[in-house]
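My numbering applies: residue 27 is where the sequence shown begins, and numbers increase by one.
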Amino acid sequence: MNAVATRDTSEEKDLEQLAIQEWLEALKFELASEGPQHVEKILKALADAAHLWGVRIPFTANTPYINTIPREAEPPYPGNRVIERRIKSFVRWNALAMVVKANRLHPGLGGHISTYQSAATLYEVGFNHFFRGRRPGFAGDMVFFQGHASPGIYARAYLEGRLTETQLHNFRRELQEGGGLSSYPHPWLMPGFWQFPTVSMGLGPIMAIYHARFNHYLYDRKIVDTSQTKVWAFLGDGECDEPETLGAITLAAREKLDNLIFVINCNLQRLDGPVRGNGKIIQELEAAFRGAGWNVIKVIWGSGWDELLARDKTGLLIKRMEECVDGEYQRFSVSDGAYIRKHFFGKYPELLELVKDKSDRELENLKRGGLDPQKVYAAYKAAVEHRGQPTVILAKTVKGYGLGEAGEGRNISHQQKKLNEQELREFRDRFNIPISDDEIDELPFIRLPEGSEEERYLKERRKALSGHVPARVVTAPPLKMPERDYFAPFFLGSEGREVSTTMAFVRIFSQLIGNKQFGRFIVPIIPDEARTFGMEALFRQYGIYSHVGQLYEPVDREQLLYYLEKTDGQILEEGITEAGAMSSFIAAGTAYANYGVTMMPFFIYYSMFGFQRIGDLIWAAADMRVRGFMLGATAGRTTLNGEGLQHQDGHSHVLANTVPNLLCYHPAFAFEIALIIQDGMKRMFEHQEDVFYYLTLGNENYEQPPMPPGVEEGVLEGLYKFQPGPDKGKYKAHIFADFSAVRLALQAQKILADEYGVSADVWSATSYKKLRYGAMEAERWNMLHPTAKTKKKSYLEQVLENETGPFVAVSDSMRLVPDQIAKWVPGGLLSLGTDGFGRSDTREDLRRFFEIDPPHIVVAVLYSLAQQGKVKSSVVKKAIADLGVDPEQGFSLFL
Ligand SMILES: Cc1ncc(C[n+]2csc(CCOP(=O)(O)OP(=O)(O)O)c2C)c(N)n1
Ligand SMILES: [Mg+2]
C-alpha cells in the first residue's frame, strides 16, 4: 500500500515539476523577448484569472530573500573602488580612534564604534556619489544621519579638512578649549554643521517624511524650486520599533514623495541583542513598506553570492537563505568558513556540492550587501531615479564590522568602546591603516597625505557634488515685520461682545495671513481641529494643500466656505497626527536655515495633545532652532469644561517650561495676544532670534477689554497690573492671575472691596516662565558679583518693590506654574491652582471643585492677611462660612 502511495505521489510531483518547468520556460521567453513590464502584465492577468476561478493565492507582501536588483541590472560603478576603500579605511580608523581615545582618557564618556563600522559603506557611497551640498539656487540634499553614527561623520569631515584634530580630540568634550564635538547631531550645539537632530530614535524618520512633503509644498506654492533636493534618512533596524519610525510611512506613499529615500541599516542588532533573533527584520520591514506603497530595494547579498545564486539550479540556495532566521545570520557573521559550510550550506547536500570548490576562507569572505559598494551604489542610483514613490533601501550589514573579536556581530557590540593593543593591530591590518606598531597605542588621527591620489579624489568628489554635507547655512534674509500699530484693531476690546481668546487669535491670524507682503510665508498647520477653533473659513480662502489638487467635488461645494483642496493651498491640514503636524512645524520653522527662505509656521492644536504627547519632537524642534508659534488651544483644566480627564490641560505650561529657548505665554485677553504675536514676529522673523513661542488659548467666551494704557512692556515681560483695587480700603493685597483666571480674580476683587474692606490689585500674569528666568539671571549675577555697588534687579523685583503684600496667585494650571516665581515675591506667594485630574462639569462647578473660584480667592486673600496679622483668623473663618466654601469637601490632589 505504502509503496504504491509513494509512487503515486512521486509521479504527481514529477508532473507538477514538469508543469512548473514549462511555465517558467515560457515566462523566461517572454521576459527575454518583451521585457519585465510585459511579464508583470502577464503575471497580473494570471493572478486575476486564478482569483476569479476560485484559486486563493496566499497573501504575501514579501519577495524572496535576495537582492531586489539582479546582477544583470546593476549599473557599472562610476568611481575608483580602490581609492574609495582607502578613504573609507581612514574614516573607519579615525572614527574608532576618536571613541576609544575619549574613553581611555575619561572613562564613561561614551560614544559608539559599532554603528558606524557597520554603516561605513552606506555613508561613503553617499559621500562619494550622491549627497549634494548647497550652492546658489539649490538647497542641496537633506541628510538625516543616524545619530550614533556621528563619529564616522566627524571622521569624514576631518579628512575633508572641515574639523581640526583638537575638535576630534574633544569628541564629547564640548566645554574644552578649542571647542569639542557634540555627542550626536545637535544644531543647537554645532549650528554650522548639523541640520537635523536624530538621536532620539524614531524622530529622524518621521521628520524626514514631513520634511520631504514640505519640500513639495514649497515647490507647489512656487516659493522655492526644491525639485532637485533629495531627503535621505539613515536609520537603524532596531529604531524601526519606535512607533514614529513607521507611523507616517503611508503619508509618504500617498503623497508620492519620490524625493525621499530611507536607508535602513539592517545589521540585525540593536543595543541588547538581535532585533529579530527568531525572524527576519528585512522581510518584516519589506512587508510593511511595500504594504504602505513604497518602492523597496533589498540589498542583502554582496557580489560574491551572485555567482552561487546563478549556478544553483535547485532553488535550494534561496530556500536556505529564507529559512535561516536573523539569530543564525548573526551567528554566521562571527563564524569561520568551516562553520558556515557545515551549518549554512550543510543543510542540503546539493548546497555543499555547490561550494565544494570554495575554501573556508572564501566562504567567510562572502559579504553582505550593505558592505558591498557595488550593491549599495546600484540601490542608491535606482532610488534617486525612481519616480512616483518614496524608496526604502534595506541594507544588510554586520554590526561592528571589522572589530573582530572585540565586537563584530557580538551582542555587546553596541557599547564596545575599549580596544586593547592587539585588537587595534588587527583592525589596522584588516583595513591597511598606515600606522606603525610603535604608534598604534597612541591612537593617532590620520589624514590623507597632502597631494596624494586619495586626497585629490576626495576633494574632487565633494567639488563635483557641490560642497560639504552636512552643513547648516543661514542665508534667508530677514523679513520686515509689522509694527505695533498694525495690530491696533485688537487693542480696542470687543465692545460688549463675548469672544474667546481662540476667536481673538483667529481674527489676528486672519489679518496676518491676508497681508500682501508677508502673508504668503505663513504656514497654518492644523491636526484636524480647524472647526473646533473656528478656523474653517480659511479652508476656502487659502486652500488646503494637496499636491494633486482636488479630484472630487466636495460635499459642501454649494456653501460659501467649502472644503477646498488645491495644489498651491496654504494650509497644512494634517489629519489626526500631532506628531506629523509637529514635524511639519519643524520643517517650516527651519526653512530659513535649510532652504534660505523664512517661513512662519503657526501650529494650532488641542493643547492637551501637545507637550505631553509630542514633547520629544518639541525638544528636537528647539535643538533645531525652529522659529514659529505653537498655539495650545482649548487649554485650562476648568476652562475647557465638558471634555474630562484626558482633555483638560492644566500642565502644558509645566512641560513647556522645560524647553530652554521656548517663550511661554498664557494670555488672558485679545490685546495681550496681539502684543505677544507682534513681538514674536519681530524677534523671530526680522531679528532672526533662535526662539519660538508657545501660547495657550481658551474657548471661554467673555468680553475682551480694551488695552489699558502703558501695559505693553508688562505684557511681554510677563506681569502687569491690569486693574488696581479701589483707593479706599483698609487693607492692601495683590492677586496674580493668568489666562481665564484673571476674570475670576476680578470677581474676587469686587467681593473683597465690597464685603471685607480689602483693596486688591489684580495683575495679569502673562508669562511666569519669563519672570522666573529674569529673576534667576539677576540672582546669579548678584551671587557672582557680591561686592558690586549696584545690584541687578529683575523685572519681577522691580515691579513688586514698592508693593506691599500679601500676594495670592490663582491659575487654571497646576500651582507649580505660579509657584515658580514665589521666592522672589516679597513675603511669599499663596497659590491656588488646578492640580489633580480634570473631570467633566460646568465651569462654575469645576472651579469650585478645584478651589479657584472667586470665593476661594477671597478666602485665600483674607487668610494671607491673617497670616500677616492684619485681620483676625475669625474673619477668615466667617468668610468661609458666608461664601459657602466647604473646607471638608473631600478634596484631594490625588482625586
Ligand atoms: C528613543 C530612544 N530610545 C533609546 C535610545 C538609546 N539607544 C541608542 S542606540 C540604541 C540601539 C540602536 O539600534 P539600531 O537602531 O538597530 O541601530 P544600530 O546601532 O544597530 O545601527 C539605543 C537603544 C535612543 N537613542 N533613543
Ligand atoms: Mg541595528
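Backbone N, C-alpha and C fix where the C-beta goes; we use that ideal spot for every residue, glycine too.
query = Can you tell me the Cα-Cα spacing of Glu914 and Ala759, whole angstroms?
reply = 26 angstroms
task = Please determine if the stretch 817-835 and the stretch 656-673 are in contact, where contact requires at least 3 C-beta pairs separated by less than 8 angstroms.
result = no
query = Rounded to a whole number of angstroms, what is the C-alpha to C-alpha distance between Gly137 and Lys443?
reply = 7 angstroms
message = Rounding to the nearest angstrom, what Cα-Cα distance links Gly396 and Lys422 in this structure?
response = 5 angstroms
query = For the candidate residues Glu354, Arg566, Ile275 and Glu281, whose alpha-carbon lies nearest to that of Gly317?
reply = Ile275
ask   = How about Glu604: is its C-beta nearer than 7 angstroms to some C-beta of chain B?
value = Although the question refers to chain B, the structure presented lacks it and comprises just one protein chain.
key: Within the stretch 582-629, ranges of the alpha helix (DSSP H) (whole runs, at least 4 residues)   = 604-615 and 617-620
message = Helix, strand or coil, according to DSSP, for Tyr578 in the structure here?
response = coil
ask   = Using a Cβ-Cβ cut-off of 6 angstroms (strictly less than) and excluding sequence neighbours within five positions of Leu122, which residues of its own chain qualify?
value = Ile139
message = Phe260 and Gln400 - do their beta-carbons sit closer together than 7 angstroms?
response = no
ask   = Do Tyr406 and Phe222 have their C-beta atoms within less than 7 angstroms of each other?
value = no
task = Tell me where the alpha helix (DSSP H) around Asp845 begins and ends.
result = Leu842 to Asp845
key: Ser359 and Gly435 closer than 7 angstroms at C-beta   = yes
ask   = Do you know whose CA, among Gly636, Gln441 and Leu586, lies nearest Gln143's CA?
value = Gln441
ask   = Span of the alpha helix (DSSP H) holding His760?
value = Here His760 belongs to no alpha helix (DSSP H); instead the beta strand (DSSP E) covers Tyr757 to Ala763.
message = Quick check on the burial criterion: 16 or more other C-beta atoms within 10 angstroms. Buried or exposed for Leu701?
response = buried
inquiry  = Taking only three categories from DSSP, how would you classify Thr830?
reply    = coil
Cβ-Cβ separation, Leu538 to Asn667 (assumed contact under 8 angstroms), whole Å = No, Asn667 and Leu538 are not in contact; Cβ-Cβ is about 30 angstroms, not under 8 angstroms.
query = Tell me the DSSP bridge mates of Ala76?
reply = Its beta-bridge partners do not exist; DSSP assigns none.
query = Can you find a heavy atom of ligand 1 that lies under 6 angstroms from the Cβ of His212?
reply = no
request  = Report, in whole angstroms, the separation of the C-beta atoms of Glu669 and Leu484, which I expect to be a contact under 8 angstroms.
outcome  = Not confirmed; about 59 angstroms, so no contact.
task = Report yes if the C-beta distance between Leu469 and Lys815 is below 7 angstroms; otherwise report no.
result = no
inquiry  = If I follow the unbroken alpha helix (DSSP H) through Tyr691, where does it start and stop?
reply    = Looking at the DSSP string, Tyr691 is not in any alpha helix (DSSP H); the run it does join, the beta strand (DSSP E), is Leu688 to Tyr691.
inquiry  = I'd like to check one pair, Phe559 with Thr528: are the Cβ atoms closer than 7 angstroms?
reply    = yes
ask   = Under three-state DSSP, which class holds Asn28?
value = At Asn28 the pLDDT is 48, less than 50, meaning the model places this residue with poor confidence and gives no usable figure here.
ask   = If you follow the alpha helix (DSSP H) that Asn291 is part of, which residue opens it and which one closes it?
value = From DSSP, Asn291 is part of no alpha helix (DSSP H) but of the beta strand (DSSP E) over Leu286 to Cys292.
inquiry  = Closer than 6 angstroms to a non-hydrogen atom of ligand 2 - does that hold for the CB of Asp352?
reply    = no
task = Please report how far the alpha carbon of Arg451 lies from the alpha carbon of Gly159, in whole angstroms.
result = 36 angstroms
ask   = How about Ile847 and Tyr889: are their beta carbons less than 7 angstroms apart?
value = no
query = For the beta strand (DSSP E) that contains Val788, what are its first and last residues?
reply = Val784 to Ala791
Between the CA atoms of Tyr210 and Val225 - distance to the nearest angstrom = 7 angstroms
request  = With a threshold of 6 angstroms, establish whether the CB of Ser209 neighbours any heavy atom of ligand 1.
outcome  = no
query = How big is the Cα-Cα spacing for Asp463 and Thr190?
reply = 25 angstroms
request  = Can you say whether Asn391 is buried or exposed, counting buried as having 16 or more other CB atoms within 10 angstroms of its CB?
outcome  = exposed
message = Let me make sure I understand the geometry here. Which of Ser361, Ile472 and Glu56 has the alpha-carbon closest to that of Ser115?
response = Ile472
query = Ala364 to Glu349, Cα distance in whole Å?
reply = 20 angstroms
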